[in-house]
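Enquirer: Residue numbers (the numbering used here), protein chains in the order written: chain A, 1 to 221; chain B, 1 to 173. A single structure is presented below for examination.
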């Protein structure tokens with residue numbers, strides 16, 4: 001079976017092709033209206049949801065800090081509350097910033113660039129949700145410190161301190177561990193893949209696989 | 001391509017090259033509805049990206065880039081929607097039945113069906129590569145469309161072609 005034979009077969013006239021698509025100006029404009037809203041929706045939609053939820057959370061945290069700073073007297077409790085909520089606000093803000101940055105990148109995707117460049121950019125965008133998730137994990141320990149105050153610190157029982165140290169220690173270990181472990185290099189490891197799938201990030205795993213496939217394709221591996 | 005004349009010219013060029021959209025839709029979608037949807041998406045993106053085409057390059061090169069990018073994204077989107085696996089399995093049954101029961105007019109038509117089936121089973125990027133090869137594009141043009149080196153194109157084509165031929169021969173016997 002020669003190359004030319006295959007090419008001849010592939011390029012032979014097809015009856016279905018004759019009836020396929022009547023492209024005219026009207027069909028273009030109808031399609032344009034129909035598709036205008038669907039552009040990259042599958043990547044855009046989760047990011048918009050993330051931004052809306054993130055901004056809602058940020059506003060809530062901001063109000064808490066604002067009222068606490070304005071209406072409560074200076075104390076050790078206030079220090080722990082404001083600094084903990086402040087760190088949560090900071091990490092949520094960074095995650096939202098990354099989502100917004102992605103949306104601008106999505107707007108710049110150019111389908112007329114070569115296939116491997118465009119597809120890698122798209123897959124990286126899908127994968128980039130992980131950057132935000134890693135940053136969000138970092139706020140975990142601060143959920144165990146915002147309620148600390150003078151009374152608890154000075155007069156807290158031994159049991160309280162054991163639970164507190166265990167809780168803060170464990171969440172810090174988990175947050176730092178996940179931040180360091182969940183990255184592109186480790187995504188081919190089974191525990192990380194299972195973790196991602198378990199948290200509903202299947203499309204991220206798929207995106208990562210596709211990035212690898214593109215790199216292999218480009219480098220002929 | 002901003003003004004009306006250029007848009008008219010773009011429509012004419014796309015109409016003239018609509019075979020590209022037809023072949024790509026057939027290779028990345030298996031049912032009629034999905035094919036129509038993909039064709040519309042490709043047309044929309046071609047229309048939208050019209051201003052990125054410059055007269056120095058070949059129109060078909062530009063059209064292949066846009067169409068393949070849209071098709072691969074569409075295919076991946078269907079895959080991650082999770083319905084694709086089930087759809088693909090169902091389709092495989094339908095295709096197999098079609099293949100066994102169909103009364104082909106000639107050997108030529110049968111080989112075309114087999115070739116299309118084998119192409120559809122390749123990975124997204126390999127599929128794009130083989131479409132371009134079968135469309136008789138030069139290695140240089142394939143390399144430009146896909147963004148890989150000409151040597152890489154040659155190596156990959158030779159590898160995939162051998163597998164493809166073997167597959168077609170096995171299915172034919």
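Ideal Cβ positions, reconstructed from N, Cα and C, are used throughout, including at glycine.
Please list, in chain order, the chain B residues whose beta carbon lies closer than 9 Å to that of residue 217 of chain A.
Expert: Here the neighbours are 123, 125, 126, 129, 146, 148, 152 and 156.
Enquirer: By Cβ distance below 6 Å, which residues in the same chain neighbour residue 186 of chain A in space, the five residues on each side in sequence not counted?
Expert: Excluding positions up to five away in sequence, the list reads 192.
Enquirer: Let me check understanding here. Comparing Cα to Cα, which of B:122, B:109 and B:70 lies closest to residue 118 of chain A?
Expert: Checked all of B:122, B:109 and B:70; the closest Cα to residue 118 of chain A is B:70.
Enquirer: Do residue 24 of chain B and residue 67 of chain B count as a contact pair if the criterion is CB distance below 8 Å?
Expert: Cβ atoms of residue 67 of chain B and residue 24 of chain B: closer than 8 Å.
Enquirer: Between residue 128 of chain A and the rest of its own chain, which residues show a CB-CB distance below 8 Å, the 5 nearest in sequence each way excluded?
Expert: If we look at residue 128 of chain A and ignore the five residues flanking it on each side, its Cβ neighbours are 98 and 102.
Enquirer: Do you know offhand how far residue 63 of chain B's Cα is from residue 140 of chain B's?
Expert: Whole-angstrom Cα-Cα distance: 16 Å.
Enquirer: Tell me which residues share the same chain as residue 210 of chain A and place their Cβ nearer than 6 Å to its Cβ, disregarding the 5 neighbours each side in the sequence.
Expert: Counting only Cβ-Cβ distances below 6 Å, and skipping sequence neighbours, we find 123.
Enquirer: If residue 129 of chain B sits next to residue 157 of chain B, beta carbons under 8 Å apart, how far is it from one beta carbon to the other, in whole angstroms?
Expert: Sure, about 7 Å apart at Cβ, within 8 Å.
Enquirer: Quick one: using the 10 Å Cβ neighbour count with 16 as the cut-off for buried, is residue 30 of chain B buried or exposed?
Expert: By the 10 Å Cβ count, residue 30 of chain B comes out buried.
Enquirer: Within the 8 Å Cβ cut-off, does residue 213 of chain A reach chain B?
Expert: Judged by the 8 Å Cβ criterion, residue 213 of chain A is in contact with chain B.
Enquirer: When Cβ atoms are compared, which residues of the segment 122-141 of chain A fall closer than 9 Å to chain B?
Expert: Answer set for the segment 122-141 of chain A: 122, 123 and 126.
Enquirer: Between residue 82 of chain A and the rest of its own chain, which residues show a CB-CB distance below 7 Å, the 5 nearest in sequence each way excluded?
Expert: Cβ within range, chain order: 65, 68 and 69.
Enquirer: Are the beta-carbon atoms of residue 188 of chain A and residue 76 of chain A separated by less than 8 Å?
Expert: The answer is no: Cβ separation not under 8 Å.
Enquirer: What is the rounded straight-line gap between the Cα of residue 146 of chain A and the Cα of residue 44 of chain A?
Expert: Between residue 146 of chain A and residue 44 of chain A, the C-alpha separation is close to 34 Å.
Enquirer: For a contact meaning CB atoms closer than 8 Å, what does residue 120 of chain B contact in chain A?
Expert: Correct list: empty, because the minimum Cβ distance to chain A is about 13 Å.
Enquirer: In three-state DSSP terms, what is residue 19 of chain B?
Expert: Residue 19 of chain B: helix per DSSP, three-state reduction.
Enquirer: Between residue 142 of chain A and residue 172 of chain A, what straight-line distance do the alpha-carbon atoms span, to the nearest angstrom?
Expert: Near 9 Å, if we compare the C-alpha coordinates of residue 172 of chain A and residue 142 of chain A.
Enquirer: Are there 16 or more other CB atoms within 10 angstroms of the CB of residue 162 of chain A, so buried, or fewer, so exposed?
Expert: It is exposed - the Cβ of residue 162 of chain A has fewer than 16 other Cβ atoms within 10 Å.
Enquirer: Could you spell out where the alpha helix (DSSP H) holding residue 150 of chain A opens and where it closes?
Expert: 150-155 is the extent of the alpha helix (DSSP H) around residue 150 of chain A.
Enquirer: Under 8 Å, Cβ to Cβ, is there at least one residue of chain A near residue 72 of chain B?
Expert: Cβ-Cβ to chain A under 8 Å: yes for residue 72 of chain B.
Enquirer: Would you mind stating whether residue 13 of chain B and residue 28 of chain B have Cβ atoms separated by less than 8 Å?
Expert: Contact flag unset, no.
Enquirer: Can you tell me where the alpha helix (DSSP H) holding residue 55 of chain B begins and where it ends?
Expert: Segment: none, residue 55 of chain B is in no alpha helix (DSSP H) and carries neither H nor E.
Enquirer: Closer than 7 Å by C-beta to residue 204 of chain A: which residues in its own chain qualify, once you throw out the five before and the five after it? Chain order, please.
Expert: The residues are 126, 127, 129, 130 and 196.
Enquirer: On a CA-only basis, which of A:50, A:107, A:113 and A:152 is nearest residue 145 of chain B? Give me that one, please.
Expert: For the residues A:50, A:107, A:113 and A:152, the minimum Cα distance to residue 145 of chain B belongs to A:113.
Enquirer: Below 9 Å on C-beta distance, what does residue 6 of chain A contact in chain B?
Expert: Within chain B, the residues near residue 6 of chain A are 111, 115, 133, 134, 161, 164, 165 and 168.
Enquirer: Tell me the DSSP secondary structure of residue 219 of chain A in three-state form.
Expert: Residue state, collapsed to three classes: helix.
Enquirer: Using C-beta distances below 8 Å, list every residue in its chain close to residue 61 of chain B, excluding the 5 sequence neighbours before and after it, in chain order.
Expert: If we look at residue 61 of chain B and ignore the five residues flanking it on each side, its Cβ neighbours are 141, 144 and 145.
Enquirer: Taking 8 Å as the CB-CB limit, is residue 31 of chain B close to chain D?
Expert: Absent from the structure is chain D; the protein chains it does hold are A and B.
Enquirer: For residue 114 of chain A and chain B, any beta-carbon pair shorter than 8 Å?
Expert: It does: the Cβ of residue 114 of chain A has a partner Cβ on chain B nearer than 8 Å.
Enquirer: Measure the Cβ-Cβ separation of residue 57 of chain A and residue 92 of chain A and say whether it is below 8 Å.
Expert: Yes; because the gap between Cβ atoms is below 8 Å, this pair is in contact.
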